[in-house]
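Numbering (the working numbering), first residue to last: 33 to 308.
Note that beta-carbon positions come from the ideal geometry of N, C-alpha and C, so glycine has one too.
Since we're looking at a predicted model, the values are computed, not measured.
Down below is the structure, laid out as structure tokens.
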């Protein structure tokens, strides 16, 4: 009887240990210099949403990335603690996305914030508190965007949001304030018109000056071209006069004999000398 029970116990404990180390739903515990973490993971394959941030576990660390993952997705309960064993953050994941109510705590154990998540997006009321437990800020999220009235107790401000954008309310003015604002608006409009007219007048003066300068430069260029033309005419005239003078001088000079004529004249002179 004992011999049959003992092997069964060995098989049972071996199976339990094997499942404990291979089952992704076994709780995991890691730590860094500031916190300790306890969480679960899943190996489920999903198609990530581009607009959502996924949390996953790999290499002994928790990672987060938008629209993707590269490890085991965080799934089910999540706890983050200070090294003093005081709670720092607590919530729940579903296939890598934050879901449900999440809470954070100050190191002294006082609640720091509460926030509801829906499929990885902040949704619903949000509250934050200081280390004394006094509420600092509260408001509401819708699809991860601030919406409605948000109150800040420290600055005494109440800001209204619509899809994450601040809505500026028109102030309520008295009749006298409205009248003054209207007069200021009229004055401002008149100043703008005067300024525009002044700019137009100034531009007209500049344009007239540019045109005058361009006309003056054109006249100068025209005068220079005229003088250059006259100078060229004088040069040509002087050249013609010089050519005439050379021709006239060449006519008055005795005509030189050609080489043949000079040869025969020289020949005849020799004959005359021999004949004598």
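C-beta atoms of residue i and residue j nearer than 8 Å
i, j, result
"residue 156", "residue 177", "no"
"residue 84", "residue 152", "yes"
"residue 161", "residue 147", "no"
"residue 128", "residue 101", "yes"
"residue 149", "residue 134", "yes"
"residue 89", "residue 111", "no"
"residue 75", "residue 104", "yes"
"residue 172", "residue 179", "yes"
"residue 94", "residue 87", "yes"
Local Cβ density within 10 Å of residue i, reported as buried at 16 or more and exposed below that
i, result
"residue 265", "exposed"
"residue 69", "buried"
"residue 91", "exposed"
"residue 242", "exposed"
"residue 141", "exposed"
"residue 115", "exposed"
"residue 300", "exposed"
"residue 234", "exposed"
"residue 53", "Reliability of the predicted coordinates at residue 53 is poor, the pLDDT of 44 falling under 50, and no value is obtained from them."
"residue 295", "exposed"
"residue 211", "exposed"
"residue 96", "exposed"
"residue 130", "buried"
"residue 165", "exposed"
"residue 217", "exposed"
"residue 223", "exposed"
"residue 244", "exposed"
"residue 144", "buried"
"residue 46", "Confidence in residue 46 is poor, its pLDDT being 49 and thus under 50, which makes the residue's placement too unreliable to answer from."
"residue 292", "exposed"
Residue range of the unbroken alpha helix (DSSP H) whose run includes residue i
i, result
"residue 66", "First-last for residue 66: undefined, no H or E at that position."
"residue 112", "Run containing residue 112: none in the alpha helix (DSSP H); it sits in the beta strand (DSSP E), 104-114."
"residue 169", "Where residue 169 is concerned, there is no enclosing alpha helix (DSSP H), although the beta strand (DSSP E) it sits in stretches over 167-174."
"residue 157", "That residue, residue 157, is in no alpha helix (DSSP H); its beta strand (DSSP E) goes 153-161."
"residue 211", "207-284"
Residues that DSSP places opposite residue i in a beta bridge
i, result
"residue 131", "124"
"residue 61", "70"
"residue 200", "The partner list for residue 200 (beta bridge, DSSP) is empty, contrary to what the question assumes."
"residue 145", "136, 160"
"residue 292", "Looking at the DSSP assignment, residue 292 forms no beta bridge with any residue, so it has no partner."
"residue 150", "153"
Contact test: residue i Cβ vs the ligand NAD heavy atom, cutoff 7 Å
i, result
"residue 255", "Inclusion of the ligand NAD in the displayed structure is not the case, the ligand content being empty and no account of it being possible."
Endpoints, the beta strand (DSSP E) within which residue i is located
i, result
"residue 94", "93-98"
"residue 79", "From DSSP, residue 79 is part of no beta strand (DSSP E); its letter is neither H nor E."
"residue 118", "Per DSSP, residue 118 belongs to no beta strand (DSSP E) and is neither H nor E."
"residue 178", "177-184"
"residue 194", "189-194"
"residue 90", "85-90"
Assumed close pair residue i, residue j - CB separation to whole angstroms, cut-off 8 Å
i, j, result
"residue 199", "residue 193", "7 Å"
"residue 106", "residue 71", "6 Å"
"residue 169", "residue 185", "7 Å"
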